Amino acid sequence: MKRTLILLVLVISSLTNLIHGQSLDSKIEDLITNEIQDQNGPGAVFLIAKNGEPIYQKAFGKANLELDVNLEDDYVFQLGSMTKQFTAVAIMMLKEQGKLDTNDFISKFIPDYPNGNNIRIHHLLTHTSGIKDFTTMKSLREIAQKEMSPKMMVDFFKNEPVDFAPGEKFDYNNSGYVLLGYLIELISKDSYQDFIEKNIFQKIGMLQSIYATDRQIIKRRAYGYQKKESGYVNKTVINYSIPYSSGALMSTITDMLKWQNALRQNLLLSPESAISVFSKHKLNNGEEVAYGYGWHIREINGIQTREHGGSIFGFKTMGVYIPTKDIYVIGFTNCDCISPTKITQNIAKLLLDSEVIKN
């Protein structure tokens with residue numbers, strides 16, 4: 022009799038957990054499909070992990086409209102500005118090797134850079150340099166499809182009037198992260214692409230991650246689209262030497278979980294370096310900026326998060342990590358008409374209210 026009761030309790034407990042799990046999955050799916058309703062159009066992939074392990078992973082929509090190929094959760098997407106995470110960590114790797122300090126002025130490495138005696142590497146990392154963001158320059162269209170060396174990209178914007186004095190304010194800036202990529206090359210004597218691939222991708226097994234290219238064959242590549250009044254069109258073509266270290270990497274949601282786990286386990290940076298990366302920083306007047314090195318430092322329901330998104334022709338990305346709960350939510354879309362930002366943030370809110378965080 023006692024054994025029967027124990028078995029009954031176990032069965033009821035299992036059924037309760039199953040129902041709860043189905044209910045949570047259903048709520049997650051509702052959040053996604055409310056935003057992505059056209060299953061015959063471009064779509065998205067999402068992954069949710071708890072304690073470093075996936076608890077939800079699914080694809081929606083098409084990877085290629087011309088060939089009518091469905092998306093699957095291992096497809097390769099362009100990351101856009103999520104690339105900045107890798108650039109920032111690469112800089113901190115060089116700092117740990119004693120090859121730079123974040124307080125170094127950029128004139129130490131690029132002597133002819135205008136105002137370089139006042140702009141620190143720290144300012145580039147935190148978007149507080151005041152350098153003109155090249156994506157706002159009208160002349161960008163003249164080089165958009167040209168192959169540009171890192172030095173050529175820096176020369177493209179370096180003589181533009183600054184927007185403000187270094188450290189005076191926060192203003193999201195792609196030029197700063199292009200400069201960081203150039204510094205990585207000057208200091209490491211390696212190309213940015215090779216440095217990232219050798220020191221990050223290969224080291225932690227991100228085997229589907231790569232510096233973007235339209236010529237190389239990339240297995241399981243998701244094609245990018247834009248939406249016009251007439252319907253979907255193929256994405257605008259740019260040369261990836263333009264976004265460079267501010268937005269030119271490609272990856273998968275499973276590789277990005279490897280990235281997040283490596284950061285969580287301090288496999289790439291020391292705990293001391295991680296504090297600088299994941300802490301808010303201050304302006305000259307002492308005002309706090311909700312940005313670390315390559316991550317926005319935000320809150321959901323009063324709980325601190327590390328977030329960053331990306332947007333590049335044909336693709337949008339977003340990742341949210343909740344360190345105190347070890348929850349990671351990431352979403353990629355292959356149409357810049359679909360934003361994963363609201364979806365991932367709402368999923369994170371849902372998880373914070375669920376039983377998942379108690380396990």
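112 is the number that my numbering gives to position 91 of the sequence shown; each next residue is one higher, with no gaps.
Glycine included, each C-beta is placed from N, C-alpha and C at the ideal position.
Quick caveat: nothing in here was measured; it's all calculated off a predicted structure.
When the five nearest sequence neighbours on each side are left out, the beta carbons in the same chain lying within less than 7 Å of the beta carbon of Leu200 are those of Ile127, Leu145 and Val175, in order along the chain. Setting aside the 5 residues that flank it on each side, Ile112 is surrounded in the same chain by Leu121, Thr123, Ile142, Leu146, Leu201, Leu204, Ile205 and Tyr314, each with a C-beta closer than 8 Å to its C-beta; the list follows chain order. Cα atoms of Lys346 and Ile49: separation of roughly 18 Å, rounded to the nearest angstrom.
Residue pairing for Phe98: DSSP places it in a beta bridge opposite Ser272. For Ala80, the secondary structure class from DSSP, reduced to helix, strand or coil, is strand. Every unbroken stretch of the alpha helix (DSSP H) spanning 4 or more residues and falling wholly within the segment 117-198 is given here in chain order: 142-146, 161-164 and 171-178.
For Gly73, the secondary structure class from DSSP, reduced to helix, strand or coil, is coil. Note that the C-beta distance between Tyr349 and Gln281 is below 9 Å. Taking a 10 Å sphere around the C-beta of Asp215, we find fewer than 16 other C-beta atoms and assign the residue as exposed. DSSP places Thr362 inside the alpha helix (DSSP H), whose first and last residues are Thr362 to Leu373. The beta carbons of Gly101 and Gly82 sit no closer together than 9 Å. Residue range Ile324 to Ile333 is occupied by the beta strand (DSSP E) that includes Glu328, with no alpha helix (DSSP H) assigned at that position.
For Val298, the enclosing alpha helix (DSSP H) begins and ends at Pro292 to Val298. Here Ala65 is near Ile53, since their CB atoms are less than 9 Å apart. Taking C-beta atoms under 8 Å as the contact rule, Phe107 and Ile217 qualify, at a distance of about 6 Å. Taking a cut-off of 8 Å for Cβ pairs, the segment 227-236 and the segment 265-280 touch, as three or more such pairs fall below it.
Rounded to whole angstroms, the separation of the alpha carbons of Val310 and Ala84 is 38 Å. Using a 10 angstroms sphere on the CB of Glu117, the tally of other CB atoms stays under 16, which defines it as exposed.
Minimum Cα-Cα distance from Ala186 among the listed residues Lys179, Gly151, Tyr96 and Phe222 corresponds to Gly151. With a 10 Å radius around the Cβ and a threshold of 16 neighbouring Cβ atoms, Val254 comes out exposed. When the Cα atoms are used, Lys179 and Ile140 turn out to be separated by approximately 12 Å. In terms of Cα proximity to Ala369, the closest of Leu68, Gln60 and Leu161 is Leu68. A direct Cα-to-Cα measurement between Phe155 and Ile324 gives close to 34 Å. Per DSSP, Cys358 has no beta bridge partner at all. Per DSSP, reduced to three states, the secondary structure at Met339 is strand. Put simply, the backbone Cα of Lys172 is about 21 Å away from that of Tyr193.
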